[in-house]
Amino acid sequence: MKITNKHNVPATLFALASRSYYSKGKSDYSVTEIISPPQIQVLRRKHWQDMEQDVADMLWSLLGSALHVVAERGQAEGHTTEERLHVQVDDVVLSGAIDLQHEENGEIIITDYKFTSAWALRQDKPEWEAQQNIYAWLVSKAKGRPVKAVRICALIRDWSRREAAIKLDYPQAPIQVIELPLWPLEKTQAYIQERIDLHRDAKVRADFEEDLPPCSEDDRWIRETTYAVKKEGRKTAVRVFDNEPDAKSLADEIKGFVEIRKGEAVRCTGNFCGVNKWCKQYQSTFIGG
Ligand code: SF4
């Protein structure tokens, strides 16, 4: 991947961004790879040399890398940081690097650091749950140790003290530790098998130049169309609806108007997957919907 420096950031930061911190060790798949959509992975592998990203857009991934270094330095007694584990699944090797493990009464607690926004933290995060449970499975298989809990340590990028004071459902501190459901090992094993099969199938399709398995609505981060009821002279919406009839009815009642906020496939249109220009699914609809 080519890293550009369109905003003239200092050379040291640019050099840091240009260095690859990602490694999946001696494995065929990493945990992050198998939980992500197969179409994205195939396209990234195929077009890696032609992909481009500006250093200014890499702020959070750079800070993520920095956090891992800092966390290793501050390692508390009895804590294991950044351990990479490998397990053979049929004919492939799966690996994952776990941010933090510590022990309580003979059982392991797994914690992963995530930079996120206050809004994202309040949405469902099935990929976090899957990732942490695969780590738990790796710990059980590679180290033969039981896992007691899986957690996320969320670092909230846009945390606001003011919002925290006025909203009950807003995170009350910029760092939140969130307990995720721990799956039975059989469920995780079946999930891993299913994901590896999907990725293997996508690779074969790519080799034979067949259509790739499409990304689902969840994969594409679909944002639904909403209907905002507004009034002249007021900047913010009076209320936002997920359907037009209800919005129209309120707009008539208060003599306002309805502003349609068109939904979109955010991951595709914002090119958060990095491969939208090579993606037939996106190009065929252009807006990814
Ligand atoms: S552009 Fe959208 S559909 Fe295509 S690979 Fe990226 S996320 Fe998937």
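All letters in the sequence shown, in the order written, are residues 132 to 420 by the working numbering.
Even glycine gets a Cβ: it sits at the ideal position worked out from N, Cα and C.
As the structure is a computational prediction, the values presented were derived from the model and not from experiment.
Where residue i sits in the DSSP three-state scheme
i: A368; result: coil
i: S192; result: helix
i: G420; result: Per-residue confidence for G420 stands at a pLDDT of 44, beneath the threshold of 50, marking its modelled position as unreliable; the derived number appears in the next sentence. Reduced to three states, the DSSP call for G420 is coil.
i: E214; result: strand
i: F403; result: coil
i: S415; result: helix
i: R253; result: coil
i: Y301; result: coil
i: V220; result: strand
i: Q184; result: strand
i: V335; result: helix
i: H138; result: coil
i: D230; result: strand
i: L144; result: helix
i: R175; result: helix
i: S380; result: helix
i: D328; result: helix
i: Q262; result: helix
i: K157; result: coil
i: T242; result: strand
i: Q307; result: strand
i: T357; result: strand
i: A396; result: strand
i: A207; result: coil
Alpha-carbon spacing of residue i relative to residue j, whole angstroms
i: K157; j: Q219; result: 11 Å
i: P169; j: I287; result: 29 Å
i: F372; j: T356; result: 9 Å
i: P376; j: I353; result: 22 Å
i: G419; j: D383; result: Reliability fails at G419, whose pLDDT of 43 lies under 50, so the model's placement of it is uncertain and no value is given.
i: G401; j: E235; result: 42 Å
i: I297; j: G227; result: 40 Å
i: K272; j: K137; result: 46 Å
i: A197; j: D230; result: 13 Å
i: D221; j: E317; result: 15 Å
i: W290; j: H199; result: 21 Å
i: W409; j: P257; result: 27 Å
i: D300; j: T367; result: 21 Å
i: R176; j: L381; result: 50 Å
i: H178; j: R292; result: 43 Å
i: T416; j: N407; result: 11 Å
i: V308; j: E363; result: 43 Å
i: A425; j: M189; result: This structure does not reach residue 425, given that the chain is present from 132 up to 420, and the question cannot be answered.
i: V201; j: P302; result: 24 Å
i: Y160; j: R370; result: 46 Å
i: T319; j: R326; result: 11 Å
i: Y322; j: E340; result: 27 Å
i: E208; j: R276; result: 19 Å
i: W191; j: R365; result: 35 Å
Cβ separation of residue i and residue j, assumed to be a contact under 8 Å, to the nearest whole Å
i: K133; j: E203; result: Between E203 and K133 the Cβ distance is about 29 Å, and since that is not below 8 Å, they are no contact.
i: E238; j: V278; result: 7 Å
i: A249; j: E294; result: 7 Å
i: V186; j: V223; result: About 34 Å separates the two Cβ atoms, so there is no contact after all.
i: I171; j: C404; result: 5 Å
i: W259; j: L311; result: 6 Å
i: Y358; j: I391; result: 6 Å
8 Å Cβ cutoff met for residue i and residue j
i: K361; j: G394; result: no
i: I265; j: C284; result: no
i: A267; j: V281; result: yes
i: L194; j: F246; result: yes
i: R336; j: D328; result: no
i: C346; j: Q412; result: yes
i: A396; j: V389; result: no
i: H217; j: H233; result: no
i: P344; j: A333; result: yes
i: Q263; j: I241; result: yes
i: R398; j: R331; result: no
i: V162; j: L225; result: yes
Residue i at chain C interface by Cβ criterion, 8 Å
i: K133; result: Structure shown: chain C not included; a single protein chain is present.
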